[in-house]
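Engineer: The working numbering numbers the first residue of the sequence shown as 66 and each following residue consecutively.
Quick one: the structure is below, questions incoming.
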Amino acid sequence: MSPTVEGPHHASAPVVAAYSYCEAVTGSQARNFAYGIRLLPADKRHAMSALYAFSRRVDDIGDGTLAPEAKLARLEETRTLLGRIRDGRVEEDDTDPVAVALAHAARRFPIPLEGLDELIDGVLMDVRGVEYETWDDLKEYCRCVAGAIGRLSLGVFGTTPGAREADRAPEYADTLGLALQLTNILRDVREDAANGRTYLPAEDLAKFGCSGGFHGDRPPAGSDFAGLVHHEVRRARALFVEGYRLLPMLDRRSGACVAAMAGIYRRLLDRIEREPEAVLRGRVSLPVREKAYVAVRGLSGLDARTISRQSTRRRSL
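Right under this line is the structure:
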């Protein structure tokens, strides 16, 4: 899976400017992903920034203040733009830098752009207020908004020649996306509740006495909130272990990118597990220096080797 046209240093001025815009969006808004993306060579970094900027646009529509009808219209407009990109109908002098950059990236790498259609489908579920009865129901949403991003990213990363199980790489990329999204859902429980959204499966909420929802900085009266969080943490950890089977299939810098991004979320999960009620008091995050440390570990391959050993032990049980 190699680039199919010119490298970034041969790109036209409008394309270079478009990528610069997308990198600025990524650097300012991708609180966690930017640390991994920085580890990539320029061509892959540019393509990932274009993917992020387009995805950010879709997410911002769903999270914005427009009325639901206006959000639905904007999402359909964005889907139409995606169709133009897919069909090669975006020119380099187009006034939309995100479209220019993504169109160029899609010509250079085998990016499965249908994954962005899935992302739009997932955000439409948000706008329509879909709730999830079971983990299988929530898993379908997570595949749209996060698993699809994993598969899109794999189109940029590619797999190394002769990699074992390379045909399963999209499956592992998808699973890693699920792990990240479930971590996000746990981290944002209170914020989502304030916005009228509940993502955790209704059957899990009922099992731990949390069906009444989350309306303050304390768990619902009589609930086993810690039990609920630990239940979801175990689910996320299993997804991480499975998803990390992707890493040996990637080249060093692509693997470092994935390990850094996923490593930050795994550390967030550790914090949430240690202090479940912290997610009700505010957004749990890592300090900048810890994120940088995780990125360095990713580049050195330390996290990849650790998780690979965990995955091997898990399969042998």
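Idealized CB from N, CA, C, for every residue including glycine.
Count the other CB atoms within 10 Å of the CB of E183; is the residue buried (16 or more) or exposed (fewer)?
Structural biologist: Label assigned to E183: buried.
Engineer: Tell me whether R229 sits in a helix, a strand or coil according to DSSP, three-state version.
Structural biologist: coil
Engineer: In whole angstroms, what separates the C-alpha of T224 from that of V195?
Structural biologist: Annotation: T224 to V195 spans about 35 Å, alpha carbon to alpha carbon.
Engineer: Cβ of A82 within 7 Å of any heavy atom in the ligand GDP?
Structural biologist: This structure lacks the ligand GDP; in fact it carries no ligand of any kind.
Engineer: To the nearest angstrom, report how far apart V155 and A164 are at their CA atoms.
Structural biologist: Straight-line Cα distance between these residues: approximately 7 Å.
Engineer: Would you decide whether P162 is buried or exposed? Buried here means 16 or more other CB atoms lie within 10 Å of its CB.
Structural biologist: With 16 or more Cβ atoms within 10 Å of its Cβ, P162 is classed as buried.
Engineer: Tell me the rounded alpha-carbon separation between V80 and A228.
Structural biologist: One alpha carbon belongs to V80, the other to A228, and they sit about 33 Å apart.
Engineer: Can you tell me which of the three DSSP states T69 falls into?
Structural biologist: The pLDDT assigned to T69 is 39, lower than 50, so where the model puts this residue is not dependable, and the model offers no usable value.
Engineer: Apply the 10 Å Cβ neighbour rule to P266 and answer buried if 16 or more other Cβ atoms are within range, or exposed otherwise.
Structural biologist: Buried is the call here.
Engineer: Going by other Cβ atoms of all chains shown within 10 Å of its Cβ, with 16 needed for buried, is G127 buried or exposed?
Structural biologist: The residue in question, G127, is buried, as its Cβ has 16 or more Cβ neighbours within 10 Å.
Engineer: Leaving out five residues on either side along the sequence, give the residues of the same chain with a beta carbon under 7 Å from the beta carbon of E342.
Structural biologist: P284 and F290
Engineer: Exposed or buried, which one is G277 when buried takes at least 16 other CB atoms within 10 Å?
Structural biologist: exposed
Engineer: Which class does Y358 belong to by DSSP, given the choice of helix, strand or coil?
Structural biologist: helix
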